[in-house]
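If you use UniProt numbering, the sequence shown corresponds to residues 1 to 113, in order.
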Amino acid sequence: MLIGDLSRCTDASPRSLRHYEAVGLIRARRAANGFREYDPETVTQVRRIRALLAAGFNLAAVATILPCLDDDAEHLQMCPDVAAQVRRTLGSIAEQSEELMRRRQEIERLIGS
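Right, dumping it as C-alpha coordinates:
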(Lines of atoms letter the chains of each structure in order from A and count residues from 1; the text may use other names and numbers.)
(Lines give C-alpha, C1' and ligand atoms only; values in the text may rest on other atoms or scores of the structure.)
Protein backbone atom coordinates (compact mmCIF):
# COMPACT_ATOMS: atom_id res chain seq x y z
CA MET A 1 0.00 0.00 0.00
CA LEU A 2 1.33 3.44 -0.94
CA ILE A 3 1.43 6.43 1.39
CA GLY A 4 -1.66 8.01 -0.19
CA ASP A 5 -3.64 4.80 0.35
CA LEU A 6 -2.49 4.59 3.97
CA SER A 7 -3.40 8.23 4.46
CA ARG A 8 -6.93 7.66 3.14
CA CYS A 9 -7.42 4.54 5.30
CA THR A 10 -6.29 6.22 8.51
CA ASP A 11 -7.08 9.93 8.04
CA ALA A 12 -3.43 10.65 8.83
CA SER A 13 -1.71 13.09 6.52
CA PRO A 14 1.20 11.84 4.41
CA ARG A 15 3.39 14.26 6.33
CA SER A 16 2.35 12.65 9.64
CA LEU A 17 2.99 9.19 8.21
CA ARG A 18 6.48 10.19 7.11
CA HIS A 19 7.09 11.59 10.59
CA TYR A 20 5.84 8.40 12.27
CA GLU A 21 8.26 6.50 10.06
CA ALA A 22 11.13 8.88 10.85
CA VAL A 23 10.68 8.37 14.59
CA GLY A 24 10.38 4.59 14.20
CA LEU A 25 6.69 4.09 14.94
CA ILE A 26 5.94 2.54 11.53
CA ARG A 27 8.05 0.97 8.80
CA ALA A 28 7.95 1.18 5.03
CA ARG A 29 9.77 -0.61 2.27
CA ARG A 30 11.03 1.31 -0.74
CA ALA A 31 9.85 0.23 -4.16
CA ALA A 32 12.21 0.34 -7.13
CA ASN A 33 10.83 3.78 -7.98
CA GLY A 34 11.57 5.02 -4.44
CA PHE A 35 7.94 5.11 -3.30
CA ARG A 36 7.13 4.01 0.22
CA GLU A 37 5.20 0.75 0.48
CA TYR A 38 3.40 -0.21 3.68
CA ASP A 39 2.09 -3.56 4.85
CA PRO A 40 -1.68 -3.73 5.42
CA GLU A 41 -1.06 -4.15 9.17
CA THR A 42 0.30 -0.60 9.21
CA VAL A 43 -3.30 0.67 9.04
CA THR A 44 -3.96 -0.74 12.52
CA GLN A 45 -0.66 0.63 13.82
CA VAL A 46 -1.40 4.15 12.54
CA ARG A 47 -4.93 4.05 13.97
CA ARG A 48 -3.48 3.12 17.35
CA ILE A 49 -0.91 5.90 17.13
CA ARG A 50 -3.62 8.43 16.32
CA ALA A 51 -5.85 7.17 19.15
CA LEU A 52 -3.01 7.50 21.65
CA LEU A 53 -2.17 10.99 20.38
CA ALA A 54 -5.85 11.97 20.63
CA ALA A 55 -5.83 10.73 24.24
CA GLY A 56 -3.06 13.23 25.01
CA PHE A 57 0.10 11.15 24.77
CA ASN A 58 3.10 12.59 22.95
CA LEU A 59 5.10 10.59 20.40
CA ALA A 60 7.69 9.52 22.97
CA ALA A 61 4.92 8.09 25.13
CA VAL A 62 3.31 6.45 22.10
CA ALA A 63 6.62 4.73 21.35
CA THR A 64 6.61 3.30 24.90
CA ILE A 65 2.95 2.29 24.89
CA LEU A 66 2.58 0.90 21.37
CA PRO A 67 4.51 -2.35 21.97
CA CYS A 68 2.22 -3.07 24.94
CA LEU A 69 -1.01 -3.05 22.94
CA ASP A 70 -2.58 -6.43 22.34
CA ASP A 71 -2.53 -7.55 18.72
CA ASP A 72 -6.27 -8.16 18.64
CA ALA A 73 -7.53 -5.42 20.96
CA GLU A 74 -7.17 -1.82 21.97
CA HIS A 75 -6.31 -2.72 25.57
CA LEU A 76 -3.01 -1.94 27.23
CA GLN A 77 -0.90 -4.49 28.97
CA MET A 78 0.22 -2.52 31.99
CA CYS A 79 3.92 -3.27 31.92
CA PRO A 80 5.87 -0.97 34.27
CA ASP A 81 6.98 1.46 31.55
CA VAL A 82 3.43 1.87 30.29
CA ALA A 83 1.98 2.27 33.78
CA ALA A 84 4.55 4.98 34.55
CA GLN A 85 3.83 6.80 31.28
CA VAL A 86 0.09 6.67 31.86
CA ARG A 87 0.52 8.05 35.39
CA ARG A 88 2.68 10.90 34.07
CA THR A 89 0.14 11.76 31.39
CA LEU A 90 -2.76 11.66 33.85
CA GLY A 91 -0.80 13.92 36.20
CA SER A 92 -0.14 16.37 33.40
CA ILE A 93 -3.81 16.41 32.42
CA ALA A 94 -4.79 17.05 36.05
CA GLU A 95 -2.33 19.95 36.27
CA GLN A 96 -3.65 21.46 33.03
CA SER A 97 -7.22 21.08 34.26
CA GLU A 98 -6.42 22.82 37.54
CA GLU A 99 -4.69 25.66 35.68
CA LEU A 100 -7.66 26.11 33.35
CA MET A 101 -10.04 26.19 36.32
CA ARG A 102 -7.87 28.78 38.04
CA ARG A 103 -7.83 30.93 34.90
CA ARG A 104 -11.58 30.59 34.48
CA GLN A 105 -12.16 31.70 38.06
CA GLU A 106 -9.86 34.68 37.55
CA ILE A 107 -11.70 35.73 34.39
CA GLU A 108 -15.06 35.36 36.15
CA ARG A 109 -13.74 37.48 39.01
CA LEU A 110 -12.59 40.17 36.56
CA ILE A 111 -15.95 40.40 34.82
CA GLY A 112 -17.95 40.12 38.04
CA SER A 113 -19.73 36.85 37.35
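Heads up, the beta-carbon is just placed ideally off N, CA and C, and yes, glycines get one too.
None of these values were measured; they are calculated from a predicted model.
Glu37 (DSSP reduced to helix, strand or coil) = strand
Candidates Ile49, Leu90, Arg18, of which the one nearest Glu37 by Cα = Arg18
Beta-carbon spacing of Glu43, Cys68 below 8 Å | The identity of residue 43 in the sequence shown is Val, whereas the question assumes Glu. Cβ distance not < 8 Å, so Val43 and Cys68 don't count as in contact.
Use the C-beta contact count for Ala51: other C-beta atoms within 10 angstroms, 16 or more gives buried, fewer gives exposed.
-> exposed
Considering only residues of the UniProt domain "HTH merR-type" (1–68), which uninterrupted alpha helix (DSSP H) runs meet the minimum length of 4 residues and lie entirely inside it, listed in chain order?
-> 3–10, 14–22, 42–54, 59–65
Smallest Cα separation from Tyr20: which of Ala32, Leu53, Gly34, Arg30?
-> Leu53
Quick one: what does DSSP say Ser92 is sitting in, helix, strand or coil?
-> helix
Would you check if the distance between the CB atom of Ile93 and the CB atom of Val82 is smaller than 8 Å?
-> no
Could you pull out every residue in the same chain whose Cβ sits closer than 8 Å to the Cβ of Leu25, ignoring the five residues on either side in sequence?
-> Gln45, Ile49, Leu59, Val62, Ala63, Leu66
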